[in-house]
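>
2 protein chains.
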Amino acid sequence: MDSTDLSSGRVESALRGGVTKERILDAAEHLFAEHGFAATSLRKITAAAQVNLASVNYHFRSKESLIVAVLIRKMSPINARRIELLDAAEKRAGEGPLMLEDVLDAFVGPVLRARQEGGEASNFPKLLGRVYTEPGDWVARIFPQALGEVAARFRVAFLKALPASEFVDAMWSMHFAIGSLAHYLAAPALLSFLLQEEAATLDVEVVQARLVRFMAGGMRALAAKKEAAG
Amino acid sequence: MDSTDLSSGRVESALRGGVTKERILDAAEHLFAEHGFAATSLRKITAAAQVNLASVNYHFRSKESLIVAVLIRKMSPINARRIELLDAAEKRAGEGPLMLEDVLDAFVGPVLRARQEGGEASNFPKLLGRVYTEPGDWVARIFPQALGEVAARFRVAFLKALPASEFVDAMWSMHFAIGSLAHYLAAPALLSFLLQEEAATLDVEVVQARLVRFMAGGMRALAAKKEAAG
DNA sequence: GTCTATACGATGATAGAC
DNA sequence: GTCTATCATCGTATAGAC
Numbered sequence: 001m002d003s004t005d006l007s008s009g010r011v012e013s014a015l016r017g018g019v020t021k022e023r024i025l026d027a028a029e030h031l032f033a034e035h036g037f038a039a040t041s042l043r044k045i046t047a048a049a050q051v052n053l054a055s056v057n058y059h060f061r062s063k064e065s066l067i068v069a070v071l072i073r074k075m076s077p078i079n080a081r082r083i084e085l086l087d088a089a090e091k092r093a094g095e096g097p098l099m100l101e102d103v104l105d106a107f108v109g110p111v112l113r114a115r116q117e118g119g120e121a122s123n124f125p126k127l128l129g130r131v132y133t134e135p136g137d138w139v140a141r142i143f144p145q146a147l148g149e150v151a152a153r154f155r156v157a158f159l160k161a162l163p164a165s166e167f168v169d170a171m172w173s174m175h176f177a178i179g180s181l182a183h184y185l186a187a188p189a190l191l192s193f194l195l196q197e198e199a200a201t202l203d204v205e206v207v208q209a210r211l212v213r214f215m216a217g218g219m220r221a222l223a224a225k226k227e228a229a230g
Numbered sequence: 231m232d233s234t235d236l237s238s239g240r241v242e243s244a245l246r247g248g249v250t251k252e253r254i255l256d257a258a259e260h261l262f263a264e265h266g267f268a269a270t271s272l273r274k275i276t277a278a279a280q281v282n283l284a285s286v287n288y289h290f291r292s293k294e295s296l297i298v299a300v301l302i303r304k305m306s307p308i309n310a311r312r313i314e315l316l317d318a319a320e321k322r323a324g325e326g327p328l329m330l331e332d333v334l335d336a337f338v339g340p341v342l343r344a345r346q347e348g349g350e351a352s353n354f355p356k357l358l359g360r361v362y363t364e365p366g367d368w369v370a371r372i373f374p375q376a377l378g379e380v381a382a383r384f385r386v387a388f389l390k391a392l393p394a395s396e397f398v399d400a401m402w403s404m405h406f407a408i409g410s411l412a413h414y415l416a417a418p419a420l421l422s423f424l425l426q427e428e429a430a431t432l433d434v435e436v437v438q439a440r441l442v443r444f445m446a447g448g449m450r451a452l453a454a455k456k457e458a459a460g
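Chains as they are written, first to last, in the numbering used here: chain A, 1 to 230; chain B, 231 to 460.
(1) Would Phe337/B count as contacting chain A if we go by Cβ distances under 9 Å?
(2) Tell me, please, whether the CB atom of Ile178/A is closer than 9 Å to any CB atom in chain B?
(3) 9 Å is my cut-off, CB to CB: does Arg343/B come that close to chain A?
(4) Short of 6 Å in beta carbon distance, which residues of its chain neighbour Lys91/A, apart from the five on each side in sequence? Order them along the chain.
(5) Taking the beta carbon of Tyr288/B as the centre, do at least 16 other beta carbons fall within 10 Å, making it buried, or is it exposed?
(6) Please report the straight-line C-alpha distance between Asp26/A and Ala387/B, rounded to a whole angstrom.
(7) Identify whether Ala28/A lies in helix, strand or coil by the three-state DSSP scheme.
(8) Strictly below 9 Å CB to CB, what residues from chain A border Ala391/B?
(9) Ala121/A to Leu112/A, Cα distance in whole Å?
(10) DSSP three-state call for Gln208/A: helix, strand or coil?
(11) Since Val168/A meets chain B, which of its residues come closer than 9 Å, beta carbon to beta carbon?
(12) Pop quiz: Asp102/A and Ala89/A are said to be a contact at Cβ under 8 Å. What is the actual Cβ separation, rounded to whole angstroms?
(13) Starting from Phe107/A, follow the alpha helix (DSSP H) in both directions and report where the run begins and ends.
(14) Note down, in chain order, every chain A residue with its Cβ under 8 Å from the Cβ of Phe388/B.
(15) Would DSSP call Gly119/A helix, strand or coil?
(16) Please report how far the alpha carbon of Gln380/B lies from the alpha carbon of Ile78/A, in whole angstroms.
(17) Is the beta carbon of Lys293/B less than 9 Å from the beta carbon of Leu261/B?
(18) Residues of chain B with CB closer than 8 Å to the CB of Tyr184/A, please, in chain order.
(19) Do Lys304/B and Glu259/B have their C-beta atoms closer together than 9 Å?
(20) By DSSP, does Asn287/B sit in helix, in strand, or in coil?
(21) Are three or more beta carbon pairs between the segment 170 to 187 of chain A and the segment 209 to 224 of chain A nearer than 8 Å?
(22) With a Cβ-Cβ cutoff of 9 Å, do Val298/B and Ile408/B count as a contact?
(23) Which bits of chain B does Ala151/A rub up against, with CB to CB less than 8 Å?
(24) Strictly below 7 Å CB to CB, what residues from chain B border Gly218/A?
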């Protein structure tokens, strides 16, 4: 990590423990989480990372691509944990039925706990929630990369946990459920407004319990459509 | 509407059927819906409206205030229709129980049909969906103004339709339900990704049926928490 | 009161030297 | 691979015409 190349102008950055690209990612992640995408200029990022402004455009094509890179890097451990928990749930179920609540816990839990993974207090979950609704077509392009394996695994898991459901209905309910999660992460202001009080001091366990209960109820109701009708 | 003041320099705008303020609102609404908030500069708006750039800063304090003004204006008829439908549902229920699905239909229907109200094809629903998750504190400030009466009416309606639920639980489920709606409006890309096909050609009635069924199932499941536990 | 012309600082992006 | 220099464009502010 440390460099002995004292004749180079890159001594300071080398001593600080990372190449330029990673230093940009670190600074950007911190500032994005703190102030959001739009409010964080490339100049603030490069200043915090102590690198040149143009290096962002060299290592990443644009600010948009930088955002994507930051998100992908942060999502990876979360998605790994999701699959880990899903594996455990499926193993626990064995040959028996896969509980919908367990699948939802595996999907929701790692995201809600994401703020502790960084080791520092951050509003990254809120940032993550914005991903789904950020304007622009670039969002659609990160789905395959960001949650390709996760989507594939949970697709079949939800289908297994909702035996009465058809594929299309399960995907719709999955979409609605993700919406509930994303909205909780991204729009705490509305919740505070509805509750007519501050909702910031909430325990993660309690939130997860409520969220999973809501999701499970909704998904089961949608899956039961064909049963009730036919 | 038409002006005979041919001696004035404002003939052109008068002939085009509106004062500057409204022409800005019209152009902004169209461009915001078409390209999103960030991608629409004030210069493009004023160019489309054929007014001076500085007039935006005169009639509205800032771009942010302009966005709010556009949203409030567009939300008003939607919210009026919501209350209209809620009134009808409550009258229909009479002294009997208020059906949760009816309340949800009243809440969801007018939004899903918003694209037809403008008389032109627009992606305003998508724009509306972004409101809930847009970064920045200004969003929180529009809630009281944008859905003050609506929130108040539907708060009590949901409580009536969910007799087993406590206030806090009902508000949480309301929040989650709004999340499902907002997410559907704002993130069609994810749905297409999950379905592995284009989802653009969907009938509003079908979507509403699915959405309301999901919401109702989720809200009932969350409301039943206390019952099951106690 | 309304509207215009003009300017300011900051932003994302790029070209070309090293 | 990294830098300096420069670009067009952005939101905003103000002075002054009507």
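Beta carbons: idealized from backbone N, C-alpha and C, even for Gly.
The answer reads as follows:
(1) No, Phe337/B lies away from the interface with chain A (no Cβ there is under 9 Å from its Cβ).
(2) Chain B contact via Cβ: present.
(3) No - not a single Cβ of chain A is within 9 Å of the one on Arg343/B.
(4) So no residue of the chain qualifies.
(5) By the Cβ-count criterion, Tyr288/B is exposed, with fewer than 16 other Cβ atoms from all chains shown falling within 10 Å of its own Cβ.
(6) Going from the Cα of Asp26/A to the Cα of Ala387/B covers about 47 Å.
(7) Helix.
(8) What Ala391/B touches in chain A, judged by beta-carbon distance under 9 Å, is nothing: the nearest beta carbon there is about 15 Å away.
(9) Residue placement at Ala121/A is poorly supported in this model, since its pLDDT is 47, which falls under 50; the coordinates are not used for a value here.
(10) Residue state, collapsed to three classes: helix.
(11) What Val168/A touches in chain B: Leu425.
(12) Contact between Asp102/A and Ala89/A holds, since their C-beta atoms are separated by about 4 Å, short of 8 Å.
(13) Its alpha helix (DSSP H) spans residues 100 to 112.
(14) Ordered by position in chain A, no residue passes the 8 Å Cβ test against Phe388/B, which lies about 10 Å from the chain.
(15) Reliability of the predicted coordinates at Gly119/A is poor, the pLDDT of 48 falling under 50, and the value obtained from them is presented with this limitation in mind. Gly119/A falls in the coil class under three-state DSSP.
(16) In the sequence as presented, Gln is not what sits at residue 380/B; that position holds Val. Taking the straight line from one Cα to the other gives about 37 Å.
(17) Going by beta carbons, Lys293/B and Leu261/B fall outside the 9 Å limit.
(18) Contact annotation for Tyr184/A against chain B: His405, Phe406, Gly409 [CB-CB distance below 8 Å, chain order].
(19) Yes, they are a contact pair.
(20) Of the three classes helix, strand and coil, the one that applies to Asn287/B here is helix, per DSSP.
(21) Per the Cβ contact rule, the segment 170 to 187 of chain A is in contact with the segment 209 to 224 of chain A (3 or more Cβ pairs under 8 Å).
(22) Judged by their CB atoms, Val298/B and Ile408/B are not nearer to each other than the 9 Å cut-off.
(23) The answer, in chain order, is Phe423, Leu424.
(24) Against chain B, a Cβ distance below 7 Å from Gly218/A picks out Phe444, Met445, Gly447, Gly448.
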